[in-house]
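> For the sequence shown, the positions run -4 to 194 when the working numbering is used.
The beta carbon of each residue, even a glycine, is placed where N, CA and C say it ideally should be.
None of these values were measured; they are calculated from a predicted model.
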Amino acid sequence: MKQILIATKNPGKAKEFKAFFSDYGINAVSLLDIPEDIKDIEETGATFEENAALKAEQIAQMMQIPVLADDSGLEIDALNGRPGIFSARYAGEAKSDEANVEKVLSELKEVSKDKRTARFVCVLAIAKPQEETIFRAGYCEGKIALSPIGENGFGYDPIFVPNGHSQTMAQLQPNEKNKISHRKNAIDQLEEWVKDIRK
């Protein structure tokens, strides 16, 4: 059976990728499943693509198997694309979801409802030793709410209202969210690559 390593220690993310790959007869393991303790790779890239590639390529070289890594975040048009690659630590290195949300809302205080357009972005990088890295991207378009609402989800979910919905991501049920999420849209782009890896 073909194997791919998912460069994440996030159990929810690992589960999502495992389910996708199992449909194609590929065994996906995450960093949680392997005995080696791989230290976090510093994300020094200037784009989602660069950060995803850094993780995927370094671990692929180390382990000598195909590795999938992702980098994702929120881009807000009125903030010139911020927080972007700094989404997780926008309000500081402590990585506090609440502080990040507060910072975004305070920066958008003077911005009217119709100008609060934004999108979640997810870029996947697949690295195989001695081969060119492959990228796939997924997006979820929406608007930033005036205040946080909802208990489901994490990060910026409580202030992100996806297009076609009147509720925030954090108010949607997990199965509803998973159908429209940026990560799901990026994973969908993998179909063609997966068919190729199985040859």
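Give a yes or no on contact between the region 120 to 128 and the region 58 to 71, applying the rule of three or more CB pairs nearer than 8 angstroms.
Yes: at least three Cβ pairs fall under 8 angstroms.
> Are residue 104 and residue 86 close, meaning C-beta to C-beta below 8 angstroms?
Within the sequence shown, numbered from 1, the residue matching residue 104 stands at position 109. Within the sequence shown, numbered from 1, the residue matching residue 86 stands at position 91. Not closer than 8 angstroms, so no.
> Please confirm whether any heavy atom of the ligand MN lies closer than 7 angstroms to the CB of residue 143.
Summarising the ligand content, the structure contains no ligands, and the ligand MN is consequently not present.
> Rounded to whole angstroms, what's the CA-CA distance from residue 128 to residue 70? Just pull it up for me.
Working through the sequence shown from its first residue, we reach residue 128 at position 133. Working through the sequence shown from its first residue, we reach residue 70 at position 75. One C-alpha to the other measures close to 24 angstroms.
> Helix, strand or coil, according to DSSP, for residue 182 in the structure here?
If you number the sequence shown from 1, residue 182 lands on position 187. Note: residue 182 maps to helix in three-state DSSP.
> With contact counted as at least three CB pairs below 8 angstroms, one residue from each stretch, are the region 0 to 12 and the region 72 to 84 in contact?
At 8 angstroms Cβ cutoff, the stretches do not touch.
> Assuming the contact rule is C-beta atoms closer than 8 angstroms, residue 116 and residue 132 should be a hit. Round their C-beta distance to whole Å, please.
On the sequence shown, position 121 is the one that residue 116 refers to. On the sequence shown, position 137 is the one that residue 132 refers to. Indeed they touch by this definition, with Cβ atoms about 7 angstroms apart.
> If I follow the unbroken alpha helix (DSSP H) through residue 6, where does it start and stop?
Along the sequence shown, read from residue 1 onward, the residue named residue 6 stands at position 11. Run containing residue 6: 6 to 17, per the alpha helix (DSSP H) assignment.
> Restricting to Cα atoms, I'd like to know which of 60, 27, 53 and 153 is closest to residue 168.
Indexing the sequence shown from 1 puts residue 168 at position 173. The shortest C-alpha separation from residue 168 is found at 153.
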